[in-house]
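For reference, each letter of the sequence shown is one residue, going -15 to 406 in this note's numbering.
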Amino acid sequence: MTAYVLSGVSLPDGATTDLHVADGHLVDEAPSGAERVDCSGLLALPGLVDVHTHLREPGREDAETVASGARAAARGGFTAVLAMANTQPVTDTAEKAEHIHDLGLAAGVVDVQVIGAITKVLRGEELAELGLMHRSRAGVTMFSDDGMCVQDASLMRKALEWVRPFDGVIAQHSQEATLAGPGACCHEGELSGRLGLGGWPPVAESVIIARDVMLAEATGSRLHVCHITTAEGVEVVRWAKARGINVTAEVTPHHLLLGTEELVDYDTVYKVNPPLRTSEHIEALRAALADGIIDAVATDHAPHAPQDKDHAFVDARPGMLGLEQALSVVIETMVKPGRLDWAGVADRMSHAPARIARLGGQGRPLAVGEPANLVLVDPERMGTVDRDASASLSRNNPYHGRLLPDPVVATYLRGRETYRRA
């Protein structure tokens, strides 16, 4: 394994130092012959962790594979991702979880932790093999029917009770089906009416969050709110945390940057579930991420093959790419305006998501003895996003053609370089 001296690198706390990497760890002093890398002007962050990634394999390898998604993740500065369960077939058994776990090991460029389904085939009718998936080689600790909301409160309560003995977490896609059904694809308001698109009201999110935090309190279990998008949802999480309920929440990069105005031309690249929101909700999300009510940034990386997006807006599959520009968007929306410093970025994109997912070797401080999972960042570099340069197999990139920060220089997983900018 190559040894490195990352010379003159800045740390999130503002200090400048040399980082010595050997045998997969940060060490006091690199052995003789270590490769010296001039990092003047660069910042080192702990490797980013994404608790919400769709890798599509098995079943939709035309859109993404575990290997291609892992390469996109490394290119975005990630050293660990959590793979969502809505594959084909659904990851709802120990055997299926182990299969994806093994694909992640074979890819080798990021740690791929499996998220298991809450219910069999995501139907919301019967619990999946939660305990068996946890005890499998995949060691599943997070469960989600993402893309579908567990509508049945009794079943949601049972899921929370099942995972409590092993400190598991239930991650919920909060969408009350009678308020925002299958045809809901646009934030409910003037624009949805003008465009003739089904409205997705904010209350459809907040009412599920409110129900679920009360269930989490009743069961003493951990709840994670996926891709929160509304000011009302934020306030429910704020209330729950003040009450001492064990709840965490994530926000996506696209909900921090993009708004409903992107939909006026019916461009399906901007169709996502939950939908893009208006400026007051975007502001609430940014403020909540800054003050820690929202714990983490998660990409909801959702690759789609062209034939799944090339439809009328109402019929196109929802979802956007996110792994490669996640840090770019956080810099643009949070660092540049002074809402997060670099220590805050390290917390929201590495420490907190690793803590939520219980990934012991990830999200660690850049300190002697810790695994050398890190990303080198050029905080000043800008670039125009080119969807055709993506490591993903898909091209549904909502940032195509935008001038954004282009920060990632190199990524290291346990001291091994997994990406370097050409």
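Ideal Cβ placement from N, Cα and C applies to all residues, glycine included.
Residue burial classification, LEU87 (beta-carbon count within 10 angstroms, cutoff 16): Taking the sequence shown and counting its residues from 1, one reaches residue 87 at position 103. Its Cβ being crowded by 16 or more others within 10 Å, LEU87 is buried.
Among MET68, GLN72, GLU45 and ASP95, the one whose alpha carbon lies nearest that of LEU397: Here residue 397 refers to the residue found at position 413 when the sequence shown is read from its first residue. When only C-alpha atoms are compared, the closest one is ASP95.
Pairwise C-alpha distance: GLY183 and ALA164: Counted from its first residue, the sequence shown places residue 164 at position 180. Counted from its first residue, the sequence shown places residue 183 at position 199. So the two alpha carbons sit approximately 7 Å from each other.
Where ASP372 sits in the DSSP three-state scheme: In the sequence shown, residue 372 corresponds to position 388, counting from 1. ASP372 falls in the helix class under three-state DSSP.
Start-end ranges of the alpha helix (DSSP H) lying completely within the region 228 to 279, minimum 4 residues: 237 to 241 and 263 to 275
Residues that DSSP places opposite ILE84 in a beta bridge: Residue mapping note: residue 84 aligns to position 100 of the sequence shown, counting from 1. Its beta-bridge partners do not exist; DSSP assigns none.
Residues of its chain near ALA14, where Cβ-Cβ distance is below 6 Å and the 5 sequence neighbours each way are ignored: Within the sequence shown, the letter at position 30 stands for residue 14. Closer than 6 Å at the Cβ level, and outside the excluded window around ALA14, lie ALA(-13), VAL(-11), HIS4 and ALA6.
Segment limits, beta strand (DSSP E) that includes ILE154: As a first step, residue 154 must be located in the sequence shown, where it is residue number 170. Looking at the DSSP string, the run of the beta strand (DSSP E) that includes ILE154 is 153 to 156.
GLU216 beta carbon less than 8 Å from that of ASP279: Along the sequence shown, one-based indexing puts residue 279 at 295. Along the sequence shown, one-based indexing puts residue 216 at 232. In this structure, GLU216 does not lie closer than 8 Å to ASP279 by Cβ.
Residue closest to ALA143, alpha-carbon to alpha-carbon, out of THR77, PHE62 and LEU199: Locating residue 143 in the sequence shown gives position 159, counting from the first residue. The option with the nearest alpha carbon to ALA143 is LEU199.
Backbone secondary structure at ARG400 - three-state DSSP: Counting from 1 along the sequence shown, the entry for residue 400 is found at position 416. The answer is strand: DSSP assigns ARG400 an E or B state.
Host beta strand (DSSP E) of ARG44 (start-end): Mapped onto the sequence shown, residue 44 falls at position 60. Element bounds for ARG44: n/a, residue is neither H nor E.
Three-pair Cβ contact test at 8 Å for the region 218 to 230 versus the region 143 to 152: Result no; under three Cβ-Cβ pairs closer than 8 Å.
Where SER(-6) sits in the DSSP three-state scheme: Along the sequence shown, read from residue 1 onward, the residue named residue -6 stands at position 10. Strand.
Inter-residue spacing [alpha-carbon to alpha-carbon] between THR103 and TRP326: One-based indexing of the sequence shown puts residue 103 at position 119. One-based indexing of the sequence shown puts residue 326 at position 342. Approximately 38 Å, taken between the alpha carbons.
For ASP130, the nearest candidate out of GLY303, LEU269 and VAL93 (CA to CA): By one-based count along the sequence shown, residue 130 stands at place 146. Nearest of GLY303, LEU269 and VAL93 to ASP130, Cα basis: GLY303.
Cβ neighbours of SER176 in the same chain (closer than 6 Å, five flanking residues each side left out): Counted from its first residue, the sequence shown places residue 176 at position 192. Spatial neighbours of SER176 in its own chain (CB-CB distance under 6 Å, excluding positions within 5 residues in sequence) are listed in chain order as CYS170 and GLY183.
Given 8 Å, three or more beta-carbon pairs between the region 351 to 371 and the region 265 to 283: By the Cβ test, the region 351 to 371 is not in contact with the region 265 to 283, since fewer than three Cβ pairs between them sit closer than 8 Å.
Cβ-Cβ distance between HIS288 and ASN380 below 8 Å: Position 304 of the sequence shown, counted from the first residue, corresponds to residue 288. Position 396 of the sequence shown, counted from the first residue, corresponds to residue 380. Against a cut-off of 8 Å, the Cβ pair of ASN380 and HIS288 comes out as a contact.
Sequence-distant residues of its chain with Cβ nearer than 8 Å to GLU316 (five each side left out): Along the sequence shown, read from residue 1 onward, the residue named residue 316 stands at position 332. Result list for GLU316: LEU241, LEU388 and PRO389, in chain order.
Where the alpha helix (DSSP H) containing LEU175 begins and where it ends: In the sequence shown, the residue the question calls residue 175 occupies position 191. LEU175 -> alpha helix (DSSP H) spans 174 to 179.
Meets three-Cβ-pair contact criterion under 8 Å: the region 337 to 350 and the region 53 to 73: yes
LEU273 classed as buried or exposed, judged by whether at least 16 other C-beta atoms fall within 10 angstroms: Here the question's residue 273 lines up with position 289 in the sequence shown. Flag for LEU273 reads buried.
Cβ-Cβ separation, HIS38 to ALA202 (assumed contact under 8 Å), whole Å: Taking the sequence shown and counting its residues from 1, the one referred to as residue 202 is at position 218. Taking the sequence shown and counting its residues from 1, the one referred to as residue 38 is at position 54. About 31 Å separates the beta carbon of ALA202 from that of HIS38, a gap too long to meet the 8 Å contact definition.
Closest Cα partner of MET126 within the set LYS225, MET68 and ALA406: Here residue 126 corresponds to residue number 142 of the sequence shown, with the count starting at 1. It is MET68 whose Cα lies nearest to the Cα of MET126.
Assumed close pair PRO258, GLU189 - CB separation to whole angstroms, cut-off 8 Å: One-based indexing of the sequence shown puts residue 258 at position 274. One-based indexing of the sequence shown puts residue 189 at position 205. Confirmed, Cβ separation roughly 6 Å.
Where the alpha helix (DSSP H) containing HIS118 begins and where it ends: For this step, residue 118 is matched to residue 134 along the sequence shown. For HIS118, the uninterrupted alpha helix (DSSP H) segment begins and ends at 114 to 119.
Unbroken beta strand (DSSP E) run spanning LEU19, endpoints: Walking along the sequence shown from the start, residue 19 turns up at place 35. Correcting the residue identity first, residue 19 is Glu in this sequence and not Leu. Run containing GLU19: 19 to 22, per the beta strand (DSSP E) assignment.
Which listed residue (VAL153, LEU139, GLU110 and LEU111) has its alpha carbon closest to that of GLY123: What you label residue 123 is simply residue 139 of the sequence shown in a count that begins at 1. Checking every option, the nearest Cα to that of GLY123 belongs to VAL153.
PRO302, enclosing beta strand (DSSP E) - first and last residue: As a first step, residue 302 is located in the sequence shown; it is residue number 318 there, counting from the start. Going by DSSP, PRO302 is part of no beta strand (DSSP E) at all; its letter is neither H nor E.
Neighbour-count burial assignment, GLN291, 16 or more Cβ in a 10 Å radius: As a working note, residue 291 is residue 307 in the sequence shown. Counting Cβ neighbours within 10 Å, GLN291 comes out exposed, since fewer than 16 surround it.
Exposed unless 16 or more other CB atoms sit within 10 angstroms - verdict on GLY322: Along the sequence shown, one-based indexing puts residue 322 at 338. GLY322 is exposed by the Cβ-count criterion.
Contacting residues, own chain, Cβ-Cβ under 8 Å from TYR254 (five flanking each side not counted): Counting from one through the sequence shown, the residue named residue 254 turns up at place 270. Contacts found: LEU242, GLU246, LEU247, LEU260, MET304 and PRO382.
Same chain only: Cβ atoms within 7 Å of GLY306, ignoring 5 sequence neighbours per side: Position 322 of the sequence shown holds residue 306. Hits under 7 Å: THR236, PRO237, HIS238, THR283, ASP284 and HIS285.
Supposed close pair GLN156, LEU207 - CB separation, criterion 8 Å: Taking the sequence shown and counting its residues from 1, one reaches residue 156 at position 172. Taking the sequence shown and counting its residues from 1, one reaches residue 207 at position 223. Yes, GLN156 and LEU207 are in contact; Cβ-Cβ is about 7 Å, under 8 Å.
Helix, strand or coil at PRO389 [DSSP, three-state]: The residue given as residue 389 occupies position 405 in the sequence shown. PRO389: strand per DSSP, three-state reduction.
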